[in-house]
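Now the structure itself:
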């Protein structure tokens, strides 16, 4: 059974931006906006609607959710854009079939694209490493390599990154 609900979508990818209400699977949360606050608000809004809560309450909850998503949209629009290679990792991670390896026992749990670091996190890591003038990085735990590549892009020519 596909568990579908309505949510405000803030998602940015090359040639695509959306800021509107969509109906989508609860299993899909755009990686650039996986925020436990938004997930909790969505559940609360759904509960309020299903229990017949006052329309003012539902509207107030939706307003709070929109503040969170609009803040991220603003941040994404004013942050330096990630490299083409990083964008490619996001695209491929989102398109990859994660269900099959899980069903075949190749992964311990069902991996999902929202587990990947996003553009904001990648740019933040690059900024911190640049400020520190880091030459060596140890990255423990890697999903699809987005954060590792973001950090590697901040290294000087002779820099090293170790991935575990």
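Numbering (the working numbering), first residue to last: 92 to 255. Each residue gets a CB set at the ideal place from its N, CA and C atoms; glycine is no exception.
Using a 10 Å radius around the Cβ and a threshold of 16 neighbouring Cβ atoms, would you call residue i buried or exposed?
i: residue 208; result: buried
i: residue 184; result: buried
i: residue 222; result: exposed
i: residue 238; result: buried
i: residue 235; result: buried
i: residue 146; result: exposed
i: residue 173; result: buried
i: residue 127; result: exposed
i: residue 169; result: exposed
Per DSSP, residue i forms a beta bridge with which residues?
i: residue 251; result: 227
Let me make sure I understand the geometry here. Which of the options has the alpha-carbon closest to that of residue i?
i: residue 176; options: 130, 140, 240 and 214; result: 240
i: residue 163; options: 187, 193 and 212; result: 212
i: residue 156; options: 134, 145, 251 and 171; result: 134
i: residue 154; options: 227, 190, 210 and 132; result: 132
Under 8 Å Cβ to Cβ from residue i, same chain only, skipping five residues before and after it: list those, please.
i: residue 217; result: 241, 242, 244 and 245
i: residue 180; result: 207, 235, 236, 237 and 240
i: residue 149; result: 136, 139 and 140
Can you give me the Cβ contacts of residue i inside the same chain, cut-off strictly under 6 Å, excluding the 5 residues immediately before and after it?
i: residue 108; result: Here the model assigns residue 108 a pLDDT of 43, short of 50, so the residue's position is not dependable, and the following value carries that caveat. Contacts found: none.
i: residue 231; result: 255
i: residue 193; result: 201
i: residue 198; result: 192
Under 8 Å, Cβ to Cβ, is there at least one residue of chain D near residue i?
i: residue 142; result: Going by chain labels, chain D is absent from the structure shown, which holds only one protein chain.
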